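Asker: Position 229, counted from 1, in the sequence shown is what this note's numbering calls 221; the numbers after and before it change by one each time, with no gaps.
Built from N, CA and C at the ideal position, the CB exists for glycine as well.
All values reported here derive from a predicted model rather than from experimental measurement.
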Amino acid sequence: MNWAQKLLEVLENNGITTVFGYPGGANMPMYDKIKCCPKLRHILVRNEQGAAFAAQGWARTTGQVWVCFGTSGPWATNLVTWVMDAMMDSIPMLVITGQVGINSMWTDAFQELDATGTFMSITKHSFVIDDANKVEAIVNEAIKIATSGRPGPVLIDFPKDISLQEVTESKPLEKKLYYTNKVSKEIEKEKIEKFFELLKNSKKPVLLVGQWVKFAKAQKELNELVNKLGIPTVSTLLAKWVLREDNPNYLGMIGMHGTYEGNLATYNADLVINIGSRFDDRLVWTYDSFVENGKKIIHVDIDIAELDKLIKTDLKIHADAKDFLKKVLENIPLSKSFPPRDKDLLNIEDWKKEIKNFKNKKSCKTKDSHFSVANALNIINDFTSKNLDKYIFTTDVWQHQMWAAKILKVASTSAWLTSGWAWTMGFSLPVSVWASIANPEKTIINVVGDWSIQMNIQELQVIKEHNLDIKIVLINNNYLWMVRQWQDLFFDKNYASTPITSPDYKKLAEAYGIDGYRVKNEEELKKVLEKELQKKWPALIEVQVEGDEDNIFPMVPAWFSLKETITCREDLK
């Protein structure tokens, strides 16, 4: 048995059933041995970008580590953007790349790339294999690193000659499964007491929920805590539906296109409890203004490096979200901070009235009199809300993404897949592929724009080849609209390089053997959805929307604070 076959067997032993990849000269020995592992399914993508994003789709829907293959040189660099996306959104992945022979490394050999140097800042760790006998230990360690603590991608780079080496120290494989994300140490009693003390003294608390609550599988505990406390709660983009959006305490998403009441409540709060989210700039905008009213900050995070990194906290807790929430729930009956009450444990009725006034003062429309992005998404809601458990929603990036976050209803947080920190265009089509393969009983609704679909449009062939149940809803507004909105509001309507021309997407879909449609009004969209949602094969529906002023609000302009959230153009005057 050579190194390549051993690698594949170790992946199988770790519960990996499917990999995405692209063969080339340096990783050919590994592809030669795939036939020796019949339980390992390989999906041939049409670009390495598709392999990395497809692997993300599995990880984002299941929480498990998954694998993509690439070869050396330009094939490896094709993975860079998508690995960065996984790193910033904390997605566990193994990235396995071929390399030139070990004696040719650092000689500028044909298609040589210093992969570990290239990927260093966007992976949790990188390995270069220099001995075939180390493969099992390295793969197991790589999976442990990828899934432990704050998850993320790990690179394994293998020189071609090493992949041909015989494994001479073979022994029965030690059975491995996925690793835990737990922080080993116990949460100190003093910190739980301090948490209750800060909460007791707060008159205007807000709970901020990040996607780590999702990764920790702590949705049940979160919903229980919010209901017991009756605390106003906001979420990040990636934490959509971690708290049920029909919960009366939920104020919506915060940040650049967060809800007006969510942004204003977070700014005016005297206590913000952040569980499982980074205080990134698109969330809080200007850091000085975020804390300028003297608010107290509690930050709970799995990644100790995030605590006190951007905002000075009054209480920092290095813990898994589920462990923390369970500990808080266990101690509520014992806490002297909360006397018995008939309703919520917190006595914050005046604060809730103030938040209600925010909402009543300024609200933004989610429907229009013309055929808009918002109207199209509302029609999708009408069809999918009857059986939400059947659907997973993926979105690409920019304006349609923000509309989808505001409008679409999902069955669970794992049914909402989008690119968060990196905002990577081209994300959604390959992610839909893996989400469909990982969840064959589900229909994938892929909401994508006329710019972003062309970033990875070649993956339509993979969708057709495997006849995946993916409905691509392509929003065509003839612009790179998120940039156009900024040009409209802040650059005197100078729409430089944002208008776009597009191919005939209906014909393009049909060229790939996929059902293609072009709709121009609500009735046409309804007819197509009614027909296609009953089928279990792919379809592409180009939605040609109308309107020249379909900017998305609320909005926080650059260098503004959450308190300066605008809801229309006139707010800038």
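Return the CA-CA distance between Asn568 and Leu199, expressed in angstroms with no decimal places.
Answerer: The requested residue 568 does not occur in the structure, where the chain is confined to residues -7 to 565.
Asker: Between which residues of its own chain and Gln526 is the CB-CB distance below 7 Å, once the five residues before and five after are set aside?
Answerer: Answer for Gln526: no residue qualifies.
Asker: What span of residues does the alpha helix (DSSP H) with Met547 cover, start to end?
Answerer: Segment: none, Met547 is in no alpha helix (DSSP H) and carries neither H nor E.
Asker: Would you decide whether His291 is buried or exposed? Buried here means 16 or more other CB atoms lie within 10 Å of its CB.
Answerer: buried
Asker: Which residues in the same chain as Met447 place their Cβ atom closer than 7 Å to its Cβ, once the five residues preceding and following it in sequence are excluded?
Answerer: Result list for Met447: Met417 and Gly418, in chain order.
Asker: Measuring only the C-alpha atoms, how far is Val264 from Val475?
Answerer: 31 Å
Asker: Can you tell me whether His362 is buried or exposed, with buried defined as 16 or more other CB within 10 angstroms of its CB?
Answerer: exposed
Asker: Taking Asp339 as part of the alpha helix (DSSP H), name the residues at either end of that continuous run.
Answerer: Note that residue 339 is Asn in the sequence shown, not Asp. Looking at the DSSP string, Asn339 is not in any alpha helix (DSSP H), and its letter there is neither H nor E.
Asker: Taking the beta carbon of Lys152 as the centre, do at least 16 other beta carbons fall within 10 Å, making it buried, or is it exposed?
Answerer: buried
Asker: Quick one: Cα of Lys25 to Cα of Met(-7), how far?
Answerer: Their Cα atoms are separated by approximately 10 Å.
Asker: Tell me whether Phe187 sits in a helix, a strand or coil according to DSSP, three-state version.
Answerer: helix
Asker: If you follow the beta strand (DSSP E) that Glu212 is in, where does it begin and where does it stop?
Answerer: Glu is not the amino acid found at residue 212; the sequence shown has Lys there. Premise fails: Lys212 lies in the alpha helix (DSSP H), Gln211 to Leu221, not in any beta strand (DSSP E).
Asker: Ignore the nearest five residues each way along the sequence and tell me which others in Val201's own chain have a CB closer than 8 Å to its CB.
Answerer: Leu214, Thr225, Val226, Ser227, Thr228, Ala231, Val234, Leu235, Ile267, Gly268 and Ser269
Asker: Taking its Cβ as the centre, do 16 or more other Cβ atoms sit within 10 Å of Phe102, making it buried, or is it exposed?
Answerer: exposed
Asker: Whole angstroms is fine: what's the gap from Gly412's alpha carbon to Ala397's?
Answerer: 12 Å
Asker: Could you check which residue in Leu337, Thr54, Ile462 and Trp415 has the C-alpha nearest to that of Ala206?
Answerer: Checking the sequence, you will find Lys at residue 206 rather than Ala. Cα-wise, what sits closest to Lys206 is Thr54.
Asker: If you compare alpha carbons, which of Lys177, Asn95, Gly90 and Asp123 is closest to Ala107?
Answerer: Relative to the Cα of Ala107, the nearest Cα in the group Lys177, Asn95, Gly90 and Asp123 belongs to Gly90.
Asker: With a cut-off of 8 Å on the beta carbons, I'd call Ala501 and Leu532 a contact; round off their distance for me.
Answerer: 4 Å
Asker: Go to Leu299, then tell me how far its alpha helix (DSSP H) extends in each direction, as first and last residue.
Answerer: It is not in any alpha helix (DSSP H) - Leu299 carries neither H nor E in the DSSP assignment.
Asker: Per DSSP, what kind of secondary structure is Ser118 in: helix, strand or coil?
Answerer: Reduced to three states, the DSSP call for Ser118 is strand.
Asker: Return the chain-ordered list of same chain residues with a C-beta closer than 8 Å to the C-beta of Ile492, the five sequence neighbours on each side being excluded.
Answerer: Asp442, Trp443, Asn470, Tyr471 and Leu472
Asker: Would a C-beta distance cut-off of 7 Å place Ala313 and Ile179 closer than the cut-off?
Answerer: no
Asker: Does Ala257 pass the burial test, meaning 16 or more other C-beta atoms within 10 Å, or should it be called exposed?
Answerer: buried
Asker: What did DSSP end up calling Glu182 once you bin it into helix, strand or coil?
Answerer: helix
Asker: Can you tell me where the alpha helix (DSSP H) holding Leu(-1) begins and where it ends?
Answerer: Trp(-5) to Asn5
Asker: Starting from Thr435, follow its DSSP beta bridges and name the residues at the other end.
Answerer: Beta-bridge pairing links Thr435 to Tyr383.
Asker: Got a sec? Which residues, its chain only, sit under 8 Å from Lys401 by beta carbon, not counting five neighbours each side?
Answerer: Glu237, Asn373, Thr376, Ser377 and Leu380
Asker: Helix, strand or coil: how does DSSP classify Cys60 here?
Answerer: strand
Asker: Spell out a yes or no on whether the region 513 to 524 and the region 540 to 549 are touching, meaning 3 or more CB-CB pairs, one atom from each, closer than 8 Å.
Answerer: no
Asker: Could you give the C-beta distance for Lys304 and Asp262, rounded to a whole number, given that I count them as a contact under 8 Å?
Answerer: That pair is no contact at about 16 Å.
Asker: Using 10 angstroms around the beta-carbon of Lys485, count the other beta-carbons present and answer buried if the total reaches 16, otherwise exposed.
Answerer: exposed
Asker: Please classify Gly109 as buried or exposed, where buried requires at least 16 other C-beta atoms within 10 Å of its C-beta.
Answerer: exposed
Asker: Just how far apart, CA to CA, sit Glu185 and Thr557?
Answerer: 35 Å
Asker: Less than 8 Å between C-beta atoms, sequence neighbours within five positions excluded: which residues of the same chain meet that for Leu190?
Answerer: Once the five neighbours on either side are set aside, the close Cβ partners of Leu190 are Leu263, Lys288, Ile290, Asp306 and Leu307.
Asker: Is Tyr259 near the ligand NAP - that is, is its Cβ less than 6 Å away from at least one heavy atom of it?
Answerer: As presented, the structure is devoid of all ligands, the ligand NAP included, so that no description of it is given.
Asker: I believe Glu451 touches Val37 by the beta-carbon criterion, under 8 Å. Please report the beta-carbon distance rounded to the nearest angstrom.
Answerer: 7 Å
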